[in-house]
Amino acid sequence: MRPGLPAAFLSVPLAHRALHDAADGRPENSRAAIRAALAAGYGIEIDLQLSSDGCAMAFHDESLDRLAEATGPVRSRSCEELRAIPLKGGDGEGIPDLGEVLELVAGQVPLLIELKDQHGRMGVTDGVLEQAVAKALAGYGGPVALMSFNPHSVAELARLAPELPRGLTTSAYDPADWPELARAVCDDLRAIPDFERTGSSFISHEAGDLARPRVQALRNQGVPVLCWTVTSPAEAAAARAFADNVTFEQYLPPLTS
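Given below as structure tokens:
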């Protein structure tokens, strides 16, 4: 089963980690950033990490240090603990879990959810984060799509929630940018070899690498190509020559291209 990407994901730009601006009290993946994106009418992209007790948390980094008023791995804290840890640049709010994000968004805009690699080297997943996501999304009625850099994660999502649209987050995989990966792994993933086996219906590719022949071959086959992450109108215009929609931050794009 290969559910198609809802058309809503091609109609409005997607706010990267929601409409965040810590200088304005809206940290990455925060409730405030989500509310701001909703108010502006943008789609929303968020990231998920796993708590120690198996909850999907809206947070980008593996470690708390950069974004939260705490240190150490996200996965070493329970959902309750993470919800109580203030985000830097916020108003004291803690880290939201996926269930709360879904309640906030409530189908008002498209929600693109990236599951972060829990194994560090794009290895076989233990399925815990994927199970938490599938459980949280059961019965959710709004436009939603799931993605991950880790093809094993996308394949597990296909098994657990075959009705949910899913795709691969993809990259040029320059080894200098991926020091945790062996060069052979970079070379393999660069070619997007897992698109068919994961039942993916879209990709979200690195904005500076969109002209890659493999990416454009997929697009020519009718596969929607999203991209990450543009930070200016000029970057967005360049990306839209090769992609169907953009994920953005650091500026406010028009709602229609």
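The numbering of the sequence shown is my numbering, which starts it at 3 and goes up by one.
Note that CB positions come from ideal geometry on N, CA and C, so glycine has one too.
For the alpha helix (DSSP H) that contains residue i, what are its first and last residues?
{"i": "residue 187", "result": "185-192"}
{"i": "residue 72", "result": "Looking at the DSSP string, residue 72 is not in any alpha helix (DSSP H), and its letter there is neither H nor E."}
{"i": "residue 236", "result": "235-242"}
{"i": "residue 155", "result": "153-162"}
{"i": "residue 42", "result": "33-42"}
So what's residue i in DSSP terms, helix, strand or just coil?
{"i": "residue 206", "result": "strand"}
{"i": "residue 168", "result": "strand"}
{"i": "residue 250", "result": "strand"}
{"i": "residue 111", "result": "coil"}
{"i": "residue 135", "result": "helix"}
{"i": "residue 174", "result": "coil"}
{"i": "residue 116", "result": "strand"}
{"i": "residue 4", "result": "coil"}
{"i": "residue 216", "result": "helix"}
{"i": "residue 221", "result": "helix"}
{"i": "residue 16", "result": "strand"}
Between which two residues does the beta strand (DSSP E) holding residue i run?
{"i": "residue 22", "result": "First-last for residue 22: undefined, no H or E at that position."}
{"i": "residue 51", "result": "45-52"}
{"i": "residue 227", "result": "227-230"}
{"i": "residue 10", "result": "Taken as a continuous stretch (DSSP letters only), residue 10 belongs to no beta strand (DSSP E), as it is neither H nor E."}
{"i": "residue 60", "result": "58-60"}
{"i": "residue 126", "result": "Looking at the DSSP string, residue 126 is not in any beta strand (DSSP E), and its letter there is neither H nor E."}
{"i": "residue 147", "result": "146-150"}
Of all Cβ atoms in chain B, is any one closer than 8 Å to the Cβ of residue i?
{"i": "residue 60", "result": "Absence of chain B from the displayed structure is noted, only one protein chain being present."}
Whole-angstrom Cβ separation of residue i and residue j, contact assumed at under 8 Å?
{"i": "residue 231", "j": "residue 209", "result": "6 Å"}
{"i": "residue 193", "j": "residue 216", "result": "6 Å"}
{"i": "residue 163", "j": "residue 138", "result": "No, residue 163 and residue 138 are not in contact; Cβ-Cβ is about 10 Å, not under 8 Å."}
{"i": "residue 90", "j": "residue 71", "result": "6 Å"}
**Message:** Does the segment 228-243 come into contact with the segment 190-201, if we say contact requires no fewer than three beta-carbon pairs (one atom in each stretch) closer than 8 Å?
**Reply:** A contact between stretches requires three or more CB pairs, one per stretch, nearer than 8 Å, and the segment 228-243 fails this requirement with the segment 190-201.
**Prompt:** Which ranges does the alpha helix (DSSP H) cover as unbroken runs of at least 4 residues, wholly within the segment 75-100, from first to last along the chain?
**Reply:** 81-86
**Prompt:** Would you call the segment 121-132 and the segment 92-99 touching, i.e. three or more CB-CB distances under 8 Å?
**Reply:** Verdict: no, contact absent.
**Request:** State whether the segment 96-114 contacts the segment 43-63, with contact taken as three or more CB pairs (one from each stretch) at a distance under 8 Å.
**Result:** yes
**Prompt:** Does the pairing of the segment 38-55 with the segment 107-116 give three or more beta-carbon distances under 8 Å?
**Reply:** yes
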